[in-house]
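*Asks:* Numbering-wise (the numbering used here), the sequence shown opens with residue 3 and increments by one.
I have a structure I would like to understand better, so I am pasting it below and will then ask my questions one at a time.
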Amino acid sequence: MSLNSEEYLLKTLAEYNEEIGRLEEQEPSGELIEALANRGNVLSMLELYSSSLDDLKYAAALTEEIETDPGTFIYVHTALGKMCGQLGLDAAPHLRKAAEKLDKLNGTARHFDSKRAVRTCMDSSDLLIEEDEETALIYLNKTIELTSGKTDPWMENCRISALFDIGNIEFDSERYDDAL
């Protein structure tokens, strides 16, 4: 008998609850950060937003105390930013934090194949474009870098979209030469 999607999510949630319980008995670790972020995403899919936000905030706070790989750092902070954006909260501080290590995102970092890295950059820039153009530009330029030389239509479309958004930001800032 196969599980429907909600049953699968509940089963996954129970597994993360068990794992986090075990990990919290030890010193805080990268494993705990990752498990909290993953559980936060599962809780979000179950529409348990408050609990999801709590897990993502806790994971983000732990990244300030524990050295973690750049992929996990970006994953945690962009997930928190996205959740804040969905809830009408300020996503910018969390996305700015993730942008600190964005230069290490290369399409092979932990949690990020090339398409997921591009999608994360595009989603993050969309959340930032109205309130923090400078950080949005960091994500858009990273999108350009990650899509350079890629010939599949999805990557090309993302590149064109990023170029269009960069042009709009530069034009709105009256940097007309850069907009071209």
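Where is the CB? At the ideal position from N, CA and C, for every residue including glycine.
The structure presented is a predicted model; accordingly, all values stated were derived computationally and were not measured.
Give the DSSP-derived three-state secondary structure of PHE166 in the structure shown.
*Replies:* helix
*Asks:* Going by DSSP in three states, ARG98 sits in which element: helix, strand or coil?
*Replies:* Here ARG98 sits in helix by DSSP.
*Asks:* Apart from the five residues just before and just after SER116, which ones in its own chain have a Cβ nearer than 7 Å to its Cβ?
*Replies:* GLY109, LEU148
*Asks:* Once the 5 residues before and after LEU58 are set aside, which same chain residues still bring their CB inside 6 Å of it?
*Replies:* GLY42, ALA81, LEU82, MET85
*Asks:* Mind reading off the beta-carbon distance from ILE168 to LEU129? Whole number of angstroms is fine, and I expect it under 8 Å.
*Replies:* Between LEU129 and ILE168 the Cβ distance is about 16 Å, and since that is not below 8 Å, they are no contact.
*Asks:* Mind checking ASN40: buried by the 16 CB within 10 Å criterion, or exposed?
*Replies:* buried
*Asks:* Which value, in whole angstroms, describes the spacing of the CA atoms of MET3 and GLU135?
*Replies:* Because MET3 sits at a pLDDT of 49, beneath the cut-off of 50, its placement in the model cannot be relied upon, and the following sentence gives the value as read from the coordinates. Cα to Cα, MET3 sits roughly 50 Å from GLU135.
*Asks:* Tell me which residues share the same chain as LEU34 and place their Cβ nearer than 6 Å to its Cβ, disregarding the 5 neighbours each side in the sequence.
*Replies:* LEU25
*Asks:* Exposed or buried, what is LYS99 when buried is set at 16 or more other beta-carbons lying within 10 Å of its beta-carbon?
*Replies:* buried
*Asks:* Nearest-angstrom Cα distance between GLY32 and THR70?
*Replies:* 6 Å
*Asks:* Do TYR74 and GLU36 have their CB atoms nearer than 8 Å?
*Replies:* This sequence places Thr at residue 74; Tyr is not what is there. The answer is yes: Cβ separation under 8 Å.
*Asks:* For TYR18, which residues in the same chain have their Cβ closer than 8 Å to its Cβ, ignoring the five residues on either side in sequence?
*Replies:* ALA37, ASN40, ARG41, VAL44
*Asks:* So LYS152 packs on LEU104, CB below 8 Å; how close in whole Å?
*Replies:* Cβ-Cβ separation between LYS152 and LEU104: approximately 18 Å, too far for a contact (criterion under 8 Å).
*Asks:* Go ahead and label PHE173 buried or exposed: buried means 16 or more other beta carbons lie within 10 angstroms of its beta carbon, across all protein chains shown.
*Replies:* Exposed is the label assigned to PHE173, since fewer than 16 other Cβ atoms lie within 10 Å of its Cβ.
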